[in-house]
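All remarks here apply to the structure that follows.
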Amino acid sequence: MTTLIEARSLSAGYGALAVVRDLDLEVRAGEVVVLLGPNGAGKTTTLLTLAGELPALAGEVRWRGAATNAPLHLRARAGLGLVTEERSVFMSLTVDENLRVSGSDPDVSLDLFPELAAMRRTRVGLLSGGQQQMLALGRALGRRPALLLADELSLGLAPLVVERLLEAVRRCADDGVGVLLVEQHIAKALQYADRGYVLARGTVQLRGSSEQLRGRIEDITHSYLTGPAATAGSR
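Below you can see the structure in the form of structure tokens.
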């Protein structure tokens, strides 16, 4: 499989403060990679640096084999999609207007989430949190990205909605999209992922296939998510 994005010895953060240090990570076409870790481990910082929202402090980000310092809008033009924790949908616009103003193909978005079809003329501010997240994800995937970076898709949502979101992510990966997913529901995310990284205190502590990581969920939870390695950092 083609490597879409890669971090090599990457350090990143805010100002001169490195939140992530010496990170090596890659995402290939057609796979879902999950990034796990406690709050403050540097997961969001990693995602934003790969997306071009934050500069690398050291090391490099490589896009399709070439080092890049391009900002987010140029990486998006090259095929990168980003769904942030804040969703970033336009609350005063309708579902249909949100899809069109972002350059998404409504047919693709609504095929992934047909439950939104009956709400095309509904203002997004009237939708539930789960419906808004479906729209945010559908909008990003409707632009047909080569790579999707998604931050905490399931945050605050009901289990059935989480299932729908992860099913859509898996379906797109099976069609060739590469996905890097920051997720809090460890067991559920690993059901849909191919590989994973565990981040704590700004460094990768563990990596492996989903099968390998599923066999160590209790250890991962105790050692890296709630135990002594889960010390506060930034994002």
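Here the sequence shown is numbered in our numbering, starting from 22 and rising by one per residue.
Positions of the beta carbon are idealized from the N, C-alpha and C atoms, including for glycine.
The structure displayed is predicted, hence computed values, not measured ones.
CB contact flag (G217, G236, <9 Å): Residue mapping note: residue 217 aligns to position 196 of the sequence shown, counting from 1. Residue mapping note: residue 236 aligns to position 215 of the sequence shown, counting from 1. Contact annotation: G217 and G236 have beta-carbon atoms that are not nearer than 9 Å.
Nearest neighbour of V200, chosen from L147, R98, R42 and V55 [CA to CA]: To locate residue 200, count along the sequence shown from 1; it is residue 179. When each option's Cα is compared against that of V200, the closest is V55.
Contained alpha helix (DSSP H) runs [length at least 4] in the segment 120 to 156, N- to C-terminal order: Runs of the alpha helix (DSSP H) spanning 4 or more residues and lying entirely within the segment 120 to 156 occur at 127 to 133, in chain order.
Residues near V183 in its chain [Cβ-Cβ closer than 8 Å; skip 5 each side]: The count along the sequence shown starts at 1 and reaches residue 183 at position 162. Result list for V183: L174, S175, H206 and K209, in chain order.
Option nearest Y35 by Cα separation, candidates P76, P92 and A179: Taking the sequence shown and counting its residues from 1, the one referred to as residue 35 is at position 14. Comparing Cα-Cα distances from Y35 to each of P76, P92 and A179, the minimum goes to P76.
Coil, strand or helix - T67 by DSSP: Translated into positions along the sequence shown, residue 67 becomes position 46. Under the three-state reduction of DSSP output, T67 falls in the helix class.
Proximity of G159 and L137 at Cβ, strictly below 9 Å: Taking the sequence shown and counting its residues from 1, one reaches residue 159 at position 138. Taking the sequence shown and counting its residues from 1, one reaches residue 137 at position 116. Yes, they are a contact pair.
Reference G124; option with closest CA among S149, A214, A97 and L133: Numbered from 1 along the sequence shown, position 103 holds the residue referred to as residue 124. Minimum Cα distance to G124 is reached at A97.
Candidates E239, T224 and S231: closest to G43 by CA position: On the sequence shown, residue 43 is found 22 positions in, with the first residue counted as 1. First, the residue type needs correcting, since residue 43 is Asp and not Gly in the sequence shown. Of the residues E239, T224 and S231, the one whose Cα lies closest to the Cα of D43 is T224.
Start-end ranges of the beta strand (DSSP E) lying completely within the segment 33 to 118, minimum 3 residues: Here the runs fully enclosed are 38 to 49, 53 to 57, 77 to 84, 87 to 89 and 101 to 104.
Whether A37 touches T67 by CB criterion (9 Å): The count along the sequence shown starts at 1 and reaches residue 37 at position 16. The count along the sequence shown starts at 1 and reaches residue 67 at position 46. Cβ atoms of A37 and T67: not closer than 9 Å.
Selected residue, minimal CA-CA separation from T113, among L131, D132 and L148: Taking the sequence shown and counting its residues from 1, one reaches residue 113 at position 92. A quick correction: the sequence has Ser, not Thr, at residue 113. If you compare the alpha carbons of L131, D132 and L148 with that of S113, the shortest gap goes to L148.
Cα-Cα separation between R165 and R49, rounded to whole angstroms: Here residue 165 refers to the residue found at position 144 of the sequence shown. Here residue 49 refers to the residue found at position 28 of the sequence shown. Pairing R165 with R49, the inter-Cα distance amounts to about 16 Å.
Residue range of the beta strand (DSSP E) that includes A171: For the purposes of this step, residue 171 is identified with residue 150 of the sequence shown, where counting begins at 1. In the DSSP annotation of this structure, the continuous segment of the beta strand (DSSP E) that includes A171 starts and ends at L168 to D172.
Selection from Y245, E188 and A161 that minimises the alpha carbon distance to G100: The residue you call residue 100 lines up with position 79 of the sequence shown. If we check each option's Cα against that of G100, A161 comes out closest.
Assigned secondary structure, G7 (DSSP; H/G/I helix, E/B strand, else coil): Nothing about residue 7 can be reported from this structure: the residues present for the chain run from 22 to 256 only.
Local Cβ density within 10 Å of V122, reported as buried at 16 or more and exposed below that: Taking the first residue of the sequence shown as position 1, residue 122 is located at position 101. So V122 counts as exposed.
Contact check, L120 vs V82, beta carbons under 9 Å: Here residue 120 is taken as the residue at index 99 of the sequence shown, counted from 1. Here residue 82 is taken as the residue at index 61 of the sequence shown, counted from 1. No.
Pair within 9 Å by beta-carbon distance, P59 and E74: Looking up residue 59 in the sequence shown gives position 38. Looking up residue 74 in the sequence shown gives position 53. Result no, Cβ atoms of P59 and E74 do not sit closer than 9 Å.
R228, enclosing beta strand (DSSP E) - first and last residue: Locating residue 228 in the sequence shown gives position 207, where the first residue counts as 1. Segment T224 to S230, the beta strand (DSSP E) holding R228.
Residue closest to L169, alpha-carbon to alpha-carbon, out of L57, L69, A62 and N90: Position 148 of the sequence shown, counting from 1, holds the residue named residue 169. It is L69.
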